[in-house]
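Written below as structure tokens is the structure these notes are about.
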Amino acid sequence: MEKRVIFNERWLPIWLVAPQMIVTLVFFFWPSVQAVWQSLLVEDAFGGNTKFVWFENFAQLFHDDNYFASARLTVVFSSLVACLGLALSLLLAVMADRVIRGASVYKTFLVWPYAVAPAVAGVLWGFLFNPSIGIVSYLLGNIGINFNYVSNGNQALLLVVMAAVWNQLSYNFLFFLAGLQSIPKSLIEAAAIDGAGPARRFWDIMFPLLSPTGFFLLVVNVIYAFIGTFGVVSALTQGGPGKATEILVYKVYNDGFRGQDLGGSAAQSVILMAVLILLTVVQFRFIERRVHY
Amino acid sequence: MVENRPWLTFLSHLTVILGTAIICFPIWMTFVASTHDQATMLHSPIPLLPGSHLIENYATVLTQGYGSKGVPVLVMLTNSMVMALGVALGKILISILAAFAVVYFRFPLRMVCFWAIFVTLMLPVEVRIVPTYGVVASLGMIDTYPGLIIPLIASATATFLFRQFFLSVPDELAEAARVDGASPMRFFRDILLPMSRTSIAALFVIQFIYGWNQYLWPLLITTKESFYTIVMSVSRQANVADAAPQWNLLMAMAMLAMLPPVLVLVFMQRLFVRGLVETEK
């Protein structure tokens, strides 16, 4: 879409767009190009000597079992976060949509986890499940479950998933609720008159009509699980125990800043960027042609 | 509602209440922990109801900070506030100007600019963290407020929101302004800006929360304690390796870290929901 009426100025628009362009060029394009460039270099441990090695860093990554383990972990983690997050928020949204009395109160209480930083969310959940004083691990201990996320890798992963889902739940909930409320009431009423019960109405009318929102949220949640959960992981487990929760975005940071493996970290950055670009393109294609019925 | 099914209504209420309770539970426990003394928080089970040390704990962290050589949380809150406001206002300012230029003018490389801004949508700081850090370091912006703020204000979402909004503004308004001899900036200030008030406010809520909740960036860019933000400090202190945290003080800090964004969200909830749904369109 273009404007028909425009102003004829030569320099003014350049000045107007300049701040945004300068910030974008300096803090976005320059680092991105550098990431690509660095991914083709090898630097020895004491700095100084750098060598151009073409795709050796990438080749090394693809022969690295740790990297594949981390990639597999990220896939499992993202699917868990996205599926659990979507299912729970859909359930809550459908139920909240039915509720008339007190709906806005519920909404207020369900919305605010969005404002909690992922890093703080990690601390809160770490506190609840703390092996020595956490209230939930105490209760679990009483029924015979020994929950110790500091030493047990699977439990650590479970805890990170829970904290991540909790943090993202309000976002999903809001979008599902908005989607549900935009479904024409006449459709629901017609189905009810034809004798369709609530379950039937949900699966045959509401669910298909919600699918565009669902697709959109699926992509957003996968991106969130890939990137946004950095704070949760860092605050809760820092990738541990062992490497049980070291998802890709945390590995980029860990290898780059702690391991000082700049080339390898940059190669990982480039791969992660490619994945994100792919996801964003998918997201925009779905938004361009939303599924219509 | 379509029909009256008391059981189903009851079930709906029950589910939502249970969900709300589970969602609020971590925050409740945080609050409870922040109102007890340290001795109570050392052995399990910890109490489920608030204690009597609320004022004491909060006063301690606010003025003396956490631990023996901590920075007062008041300083961290100030840093977080500067950063959140800087990111939110900076983003709004540069993107409303850029959107105005892209929509209302024709200039060489206009579409190049547009796509260049668009690409930033795809790659958050986390994935290109090492080189971005390198750039900021080479510009001498470590341990400065601009270093904390400026790299985060390049973002496409705000520009898109404003572009979308400007495109929906009737052409007649710009035409009338031109006929009356108003300069483009006059048109921008007197007509477009007042019309975009709600979009600006909605965006402000989202970007304030985004800026306040930043974690990785301040963690890398600040080395002096006087520049620490509250969110990163909470997470840092929780992971001190040598000793068990002083949970009562740490949780008081966590409460303070959550309070401002939650307040902004709750009081501007309607605007927030609108902004959220619109930016993602």
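Top line first, the protein sequences correspond to chains X and R.
For the record, in the first sequence the residue sitting at position 282 is 282 according to this note's numbering, with numbers rising by one throughout.
Each number in this note's numbering comes from the position in the second sequence (counting from 1) with 1000 added on.
For glycine and all other residues, C-beta sits at the position ideal for the given N, C-alpha and C.
Residue pairing by DSSP places X:L41 opposite X:F52 in a beta bridge.
Listed as beta-bridge partners of X:F7 by DSSP are R:F1105. Of all residues in the segment 108-126 of chain X, only T108, F109, L110, V111, W112, P113, Y114, A115, V116, A117, P118, A119, V120, A121, G122, V123, L124, W125, G126 come within less than 9 Å of chain R when Cβ atoms are compared, listed by chain position. Judged by DSSP in its simplified three-state form, R:V1240 adopts coil rather than helix or strand. DSSP, read as helix, strand or coil, puts X:D64 in coil. The Cβ-Cβ distance between R:Y1066 and R:M1195 does not fall below 9 Å. Annotation for X:D194: no alpha helix (DSSP H) segment contains it, and DSSP assigns it neither H nor E.
Within 7 Å of the CB of X:Y106, the CB atoms of chain R belong to V1016, T1020, in sequence order along the chain.
Judged by their CB atoms, R:W1212 and R:P1245 are not nearer to each other than the 9 Å cut-off.
Cβ proximity to chain X below 7 Å picks out P1184, I1209 from the segment 1181-1211 of chain R. Distance from the CA of X:L16 to the CA of R:P1131, rounded to the nearest whole angstrom, comes to 28 Å.
In its chain, beyond the 5 residues on either side, N172, G214, L217, L218, N221 have a beta carbon closer than 8 Å to the beta carbon of X:L86. CA-CA distance, X:Y106 to R:T1020, rounds to 7 Å.
Chain-ordered, the chain X residues with CB closer than 8 Å to the CB of R:T1159 read Q20. In this structure, the beta-carbon distance from X:T280 to R:M1122 falls below 9 Å.
Not a single CB atom of chain R sits nearer than 9 Å to the CB of X:V161.
No Cβ-Cβ contact shorter than 9 Å links X:Q260 with X:I223. Taking X:A163 as the centre and dropping the five residues before and after it, the same chain places the C-beta of A121, G122, W125, V232 closer than 6 Å to its C-beta, in chain order. Not a single CB atom of chain R sits nearer than 9 Å to the CB of X:R72. The beta carbon of X:R200 does not come within 9 Å of any beta carbon belonging to chain R, so the residue lies off that interface.
Contact between the segment 1131-1141 of chain R and the segment 1169-1185 of chain R is not established, with fewer than three Cβ pairs separated by less than 8 Å. R:I1046 sits in coil when the DSSP states are folded into three classes, being neither helix nor strand. In the structure shown, the three-state DSSP call for R:I1221 is helix.
For X:V252, the uninterrupted alpha helix (DSSP H) run begins and ends at 248-253, by DSSP. Ranked by how close their Cα comes to the Cα of R:T1035, the residues R:L1048, R:I1096, R:C1113, R:A1202 have R:L1048 in first place. Its chain contains V136, S137, F147, Y149, L159 as the residues whose beta carbon lies nearer than 7 Å to that of X:F129, once the 5 sequence neighbours on both sides are disregarded; these appear in chain order. When Cβ-Cβ separations below 9 Å define contact, X:I183 makes no contact with chain R. DSSP, reduced to helix, strand and coil, places X:A115 within a helical segment of the structure shown.
Per DSSP, R:M1185 is one residue of the alpha helix (DSSP H) stretching across 1184-1187. Identification of chain X residues near R:T1030 by a Cβ-Cβ cut-off of 8 Å yields L124, F127, ordered along the chain. Assignment of R:E1003 by DSSP, reduced to helix, strand and coil, places it in the coil class. Under the DSSP assignment, R:P1146 falls in the alpha helix (DSSP H) whose first and last residues are 1145-1149.
Within chain R, the residues L1011, S1012, H1013, L1014, T1015, V1016, G1019 have their CB atoms less than 9 Å from the CB of X:M95, given in chain order. Burial check for R:D1190: the Cβ neighbour count within 10 Å stays below 16, so the residue is exposed. Residue range 207-223 is occupied by the alpha helix (DSSP H) that includes X:N221.
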